[in-house]
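Working notes, structure below.
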Amino acid sequence: MYVGRFVVVGPGIGAYRVSSRSFPNRQVVERDGTLTVGPTPDAPETDNPYIAYNCVREGGDYVVVGNGSQVDPIAEKLDMGYTPRDALAEILLALDYEKDDYNTPRIAGVVGDDEAFIGIVRKDALIVEEVTEPTLVATYEEDDPRAFDLTADSAADAARELYDHEFEHAVCAAAATVGDEGAVETAFYNGE
1 MYVGRFVVVG
11 PGIGAYRVSS
21 RSFPNRQVVE
31 RDGTLTVGPT
41 PDAPETDNPY
51 IAYNCVREGG
61 DYVVVGNGSQ
71 VDPIAEKLDM
81 GYTPRDALAE
91 ILLALDYEKD
101 DYNTPRIAGV
111 VGDDEAFIGI
121 VRKDALIVEE
131 VTEPTLVATY
141 EEDDPRAFDL
151 TADSAADAAR
161 ELYDHEFEHA
171 VCAAAATVGD
181 EGAVETAFYN
191 GE
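Everything in the sequence shown is counted per UniProt numbering, starting at 1 for the first residue and increasing by one.
Take a look at the structure:
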């Protein structure tokens with residue numbers, strides 16, 4: 001099944017995977033502690049504004065994961081002291097779904113050491129929920145948050161587990177863990 005991009009978050013852990021039929025020539029790179037999705041060196045040129053963005057970024061005592069430009073302002077709201085719920089709801093509502101040919105939803109998660117929140121804005125709804133177990137939301141097919149059997153407990157294992165998941169057209173994956181006193185570990189996996 002093809003679900004497009006997806007996030008999985010639970011208390012202490014969050015992960016994101018790019019799955020793509022249209023733009024498979026992408027990778028995750030690390031820049032100053034932030035994980036960024038962008039084209040590979042051999043990718044064809046495009047003017048599509050939705051293929052490069054920060055996908056994992058710290059904000060306050062949290063880590064934000066997501067599929068687009070919403071990641072930065074959510075992290076900035078958290079830095080300003082917003083609650084995770086309010087930061088997710090305000091930014092997802094403000095930016096709305098992507099105005100592309102597919103009305104692609106924006107998805108994001110906020111992870112703290114003992115709490116997590118997940119959100120999606122699609123053409124017909126805005127959903128933001130606190131979650132107590134690993135929970136998935138995707139841009140297509142799985143666009144309502146649901147429990148997900150994530151077995152990883154490290155960022156590296158979570159990135160690899162999402163990359164290897166049976167959903168079709170894996171491109172790259174990124175993940176983060178938040179431990180005691182806000183200690184953050186990030187990792188990514190771009191395939192072989």
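Yeah, the Cβ is synthetic: ideal placement off N, Cα and C, and Gly gets one too.
Only a predicted model underlies this, so the values are computations on that prediction, with no experimental measurement involved.
Paired residues, beta bridge with residue i - DSSP
i           : result
Leu136      : Val8 and Arg146
residue 201 : The structure shown does not extend to residue 201, since the chain is modelled only from 1 through 192, so no value can be given for it.
Val171      : BP columns for Val171 are empty, so no partner.
Val18       : Cys172
Val128      : Gly119
Thr177      : Ile13 and Glu185
Option nearest residue i by Cα separation, candidates the options
i           : options                           : result
Tyr102      : Phe188, Asp180, Glu141 and Glu185 : Glu141
Val121      : Asp47, Asp153 and Gly68           : Gly68
Asp61       : Arg17, Val3 and Pro84             : Pro84
Asp180      : Asp114, Pro44 and Asp72           : Asp114
Pro39       : Arg31, Asp47, Gly33 and Ile51     : Ile51
Ile47       : Gly59, Val65, Phe23 and Gly33     : A small fix is needed here, since residue 47 is Asp in this sequence, not Ile. Minimum Cα distance to Asp47 is reached at Phe23.
Ala183      : Ala43, Glu58 and Val110           : Glu58
Leu126      : Ala116, Ile13, Val111 and Ile107  : Ile107
Arg160      : Ala147, Phe188 and Glu133         : Phe188
Gly191      : Asn25, Met80, Ala147 and Arg31    : Asn25
Ile74       : Val110, Arg21 and Tyr53           : Val110
Arg31       : Pro49, Tyr53 and Phe117           : Tyr53
residue 195 : Ala147, Arg146, Pro145 and Pro134 : The question about residue 195 has no answer, for the chain in this structure spans 1 to 192.
Where the beta strand (DSSP E) through residue i begins and ends
i      : result
Glu58  : Tyr53 to Gly59
Glu185 : Val184 to Tyr189
Glu30  : Arg26 to Arg31
Pro39  : Thr34 to Pro39
Contact check, residue i vs residue j, beta carbons under 8 Å
i      : j      : result
Ala170 : Gly4   : no
Val63  : Ala176 : yes
Ala156 : Ala15  : no
Glu168 : Tyr2   : yes
Leu88  : Thr186 : no
Val29  : Cys55  : no
Asp143 : Pro105 : yes
Leu95  : Phe6   : no
Val131 : Gly10  : yes
Leu162 : Val37  : no
Gly119 : Leu150 : no
Tyr97  : Lys123 : yes
Phe148 : Glu129 : no
Beta carbon proximity, residue i to chain C, threshold 8 Å
i     : result
Tyr62 : This model lacks chain C altogether, as it is built from one protein chain only.
Residue i, enclosing alpha helix (DSSP H) - first and last residue
i      : result
Val71  : Val71 to Asp79
Tyr163 : Ala155 to Asp164
Asp42  : Here Asp42 belongs to no alpha helix (DSSP H), and DSSP marks it neither H nor E.
Pro49  : Segment: none, Pro49 is in no alpha helix (DSSP H) and carries neither H nor E.
Asp86  : Pro84 to Leu95
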